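S.K.: Just dropping this structure here.
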Amino acid sequence: MRARVGGLASTLLAFGLCSCSPDNGSGYIEIKSTPPSAAVTLYLDSVRLDPIKNGTALLRQKVGVSKLQIDADGGNLAVLCSIDVKKNRITSVTISTLSRPARCLCGRLSGTDAAGNRTCIG
Amino acid sequence: MSRSACNVLMRIPLGLWTALLVLMLATAPGLARAQADKSAPELRTADDDFSRQLSELKRTFADLSKKFEDSAQTIEHLNSAEGARKEIEELREHVGKLLGAVADNGAVGGLGSKALRRADEKLKSLEQETRYKQEDKQFLIDRWRELKGATEGAIKELEGARKEFSDLLRKLQTNEDFIDELLQIREHQRAIDVIHTLTGGIRDASEKLKNLLGAIKTPGA
């Protein structure tokens, strides 16, 4: 009985802790592809995104910095840019495949703009 | 129950019992619903989840349209840039919720694609079906085609809604940033003018929401 009560108390404690974990909310990422018909496989952090329909995708994403990546040689992923997602704000990014390698163009850019170190902000 | 067991139970604080009771009450309806869902999984139509989410979304459209009108009225009479910033921030939160639902990885958007895939699969399998009479088979195919058409229509409207909401969110955040910039150089009057101009855009969004409400048809309804 004592063990059961102990188990119950731990469960309730865990439940309480889970419900108290901070939730910073979410924001949105709009990804446009140029040309619209470009077939690129993109990853947001490690999550593979569905193909972009009609040249535009809109994604809900937790607040924080996420990496937009693309398939690269040897089965690796190459970082196109970082996206700083802010609460209830939209960050726009355009992926251009007109040149090789594909490039990430930010709607609004943070201070740094070196290739591979580009951060888009909303 | 033995005396020692009772003693242990008596020692548990009242708060813990209350938490346990709340937990039980909260999970009981869910368990009952899960049981009911398990018993009749085949009775649900393909677009049930999509239609339900869509109906909920439409209710939110109506609420938000009202909220936009109220906000526009409030902002119109505001003379404090700080108050307006707060109002814009609240509006962004409301628009964000809607955008979250219609986003590609949102609840409604995902269910729409799922319902469409299901309709396609169903049509493919019905066309290969040989057990039913031709007229019965045709009836089923026609109904699934109708359902697919209605789902496609709703998805198209949602795509339109997504564009409207993302444009509105962008407009709100850009205005908010501009107001911040103006406040940094103590251009309070100019900031208030920007805020007042924004009311037109908010009223416009409210109208668009009302139009969407009428345009989006729930499949199978």
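Sequence order for the protein chains is A and B. Each residue of the first sequence is one higher than the one before, starting from 1 at the first, in this note's numbering. Each residue of the second sequence is one higher than the one before, starting from 1001 at the first, in this note's numbering. Where a beta carbon is used, it is the ideal one built from N, C-alpha and C, also for glycine. Being a predicted model, the structure only gives us computed values, none of them experimental.
Quick one: is residue 1099 (chain B) near chain A, going by C-beta distance under 8 Å?
M.R.: yes
S.K.: DSSP three-state label for residue 1173 (chain B), please.
M.R.: helix
S.K.: Measure from the C-beta of residue 21 (chain A) to each C-beta in chain B and report whether the shortest distance is under 8 Å.
M.R.: With a pLDDT of 46 at residue 21 (chain A), under the threshold of 50, the modelled position of that residue is not reliable, and no figure is offered here.
S.K.: Checking contacts by CB at 8 Å: is residue 1161 (chain B) closer than that to chain D?
M.R.: In the displayed structure, chain D is absent; the protein chains listed are A and B.
S.K.: Do residue 1161 (chain B) and residue 1212 (chain B) have their C-beta atoms within less than 8 Å of each other?
M.R.: yes
S.K.: Looking only at its chain, what residues have a beta carbon closer than 7 Å to the beta carbon of residue 1183 (chain B), apart from the 5 residues adjacent to it on each side?
M.R.: Closer than 7 Å at Cβ, skipping near neighbours: 1081 and 1191.
S.K.: Could you tell me which chain A residues have their CB closer than 7 Å to the CB of residue 1104 (chain B), listed as they occur along the chain?
M.R.: 50, 57, 58 and 59
S.K.: From residue 1200 (chain B) to residue 101 (chain A), what distance separates their C-alpha atoms?
M.R.: Roughly 43 Å between the two C-alpha positions.
S.K.: Give me the residue from B:1113, B:1142, B:1208 and B:1070 with the minimum Cα distance to residue 1165 (chain B).
M.R.: B:1208
S.K.: Looking at the structure shown, is residue 63 (chain A) part of a helix, part of a strand, or coil, going by DSSP?
M.R.: Residue state for residue 63 (chain A) is assigned as coil, using DSSP reduced to three classes.
S.K.: Which two residues bound the contiguous beta strand (DSSP E) that contains residue 31 (chain A)?
M.R.: 26-34
S.K.: Among A:121, A:99 and A:49, which residue has its Cα nearest to the Cα of residue 108 (chain A)?
M.R.: A:121
S.K.: Locate the alpha helix (DSSP H) running through residue 1095 (chain B), then write down its first and last residues.
M.R.: 1081-1102
S.K.: Using 8 Å as the threshold, is the C-beta distance between residue 34 (chain A) and residue 98 (chain A) below it?
M.R.: Using a Cβ distance threshold of 8 Å, residue 34 (chain A) and residue 98 (chain A) count as a contacting pair.
S.K.: Within the same chain, show all residues whose beta-carbon is closer than 7 Å to that of residue 1061 (chain B), passing over the 5 residues directly before and after it, in chain order.
M.R.: 1209, 1212 and 1213
S.K.: Applying the criterion that 16 or more other CB atoms from any shown protein chain within 10 Å of the CB defines a buried residue, is residue 1050 (chain B) buried or exposed?
M.R.: buried
S.K.: Would you say residue 1057 (chain B) reaches chain A, if we count a Cβ-Cβ gap shorter than 8 Å as a contact?
M.R.: no
S.K.: For residue 1068 (chain B) and residue 1216 (chain B), which I take to be in contact (beta-carbon distance under 8 Å), what is that distance rounded to the nearest angstrom?
M.R.: Your pair residue 1068 (chain B) and residue 1216 (chain B) does not check out as a contact, with CB atoms roughly 18 Å apart and the cut at 8 Å.
S.K.: Here's the rule I'm using: 16 or more other beta-carbon atoms within 10 Å means buried, otherwise exposed. How should residue 1138 (chain B) be labelled?
M.R.: Looking at its Cβ environment, which holds fewer than 16 other Cβ atoms inside 10 Å, residue 1138 (chain B) is exposed.
S.K.: Whose C-beta lies closer than 6 Å to the C-beta of residue 1112 (chain B) among residues of the same chain, with five residues either side of it excluded?
M.R.: 1050 and 1155
S.K.: Helix, strand or coil for residue 1128 (chain B), going by three-state DSSP, please let me know.
M.R.: In the structure shown, residue 1128 (chain B) sits in coil (DSSP, three-state: anything other than H, G, I, E or B).
S.K.: Excluding the 5 residues preceding and the 5 following residue 1126 (chain B) in the sequence, name in chain order all residues of the same chain whose CB lies nearer than 8 Å to its CB.
M.R.: If we look at residue 1126 (chain B) and ignore the five residues flanking it on each side, its Cβ neighbours are 1137, 1140, 1141 and 1144.
S.K.: How is the beta strand (DSSP E) around residue 40 (chain A) delimited, first residue to last?
M.R.: That residue, residue 40 (chain A), is in no beta strand (DSSP E); it is neither H nor E in DSSP.
S.K.: Of all Cβ atoms in chain B, is any one closer than 8 Å to the Cβ of residue 43 (chain A)?
M.R.: no
S.K.: What is the rounded straight-line gap between the Cα of residue 27 (chain A) and the Cα of residue 1131 (chain B)?
M.R.: 51 Å
S.K.: Under 9 Å, CB to CB, which of the residues in the stretch 78-97 of chain A have a partner in chain B?
M.R.: Hits within the stretch, in order: 86, 87, 88, 89, 90 and 92.
S.K.: Across which residues does DSSP place residue 1063 (chain B) in a beta bridge pair?
M.R.: Answer is none; residue 1063 (chain B) lacks a bridge partner.
S.K.: Given a threshold of 16 other Cβ atoms within 10 Å of its Cβ, counted over all protein chains shown, does residue 51 (chain A) qualify as buried or as exposed?
M.R.: exposed
S.K.: If you follow the alpha helix (DSSP H) that residue 102 (chain A) is part of, which residue opens it and which one closes it?
M.R.: No alpha helix (DSSP H) holds residue 102 (chain A); DSSP gives it neither H nor E.
S.K.: Skipping 5 residues on each side, what residues in its chain have a beta carbon closer than 8 Å to that of residue 1194 (chain B)?
M.R.: 1175, 1178, 1179 and 1182
S.K.: Rounded to whole angstroms, what's the CA-CA distance from residue 1096 (chain B) to residue 1133 (chain B)? Just pull it up for me.
M.R.: Separation of residue 1096 (chain B) and residue 1133 (chain B) (C-alpha to C-alpha, rounded to the nearest whole angstrom) is 50 Å.
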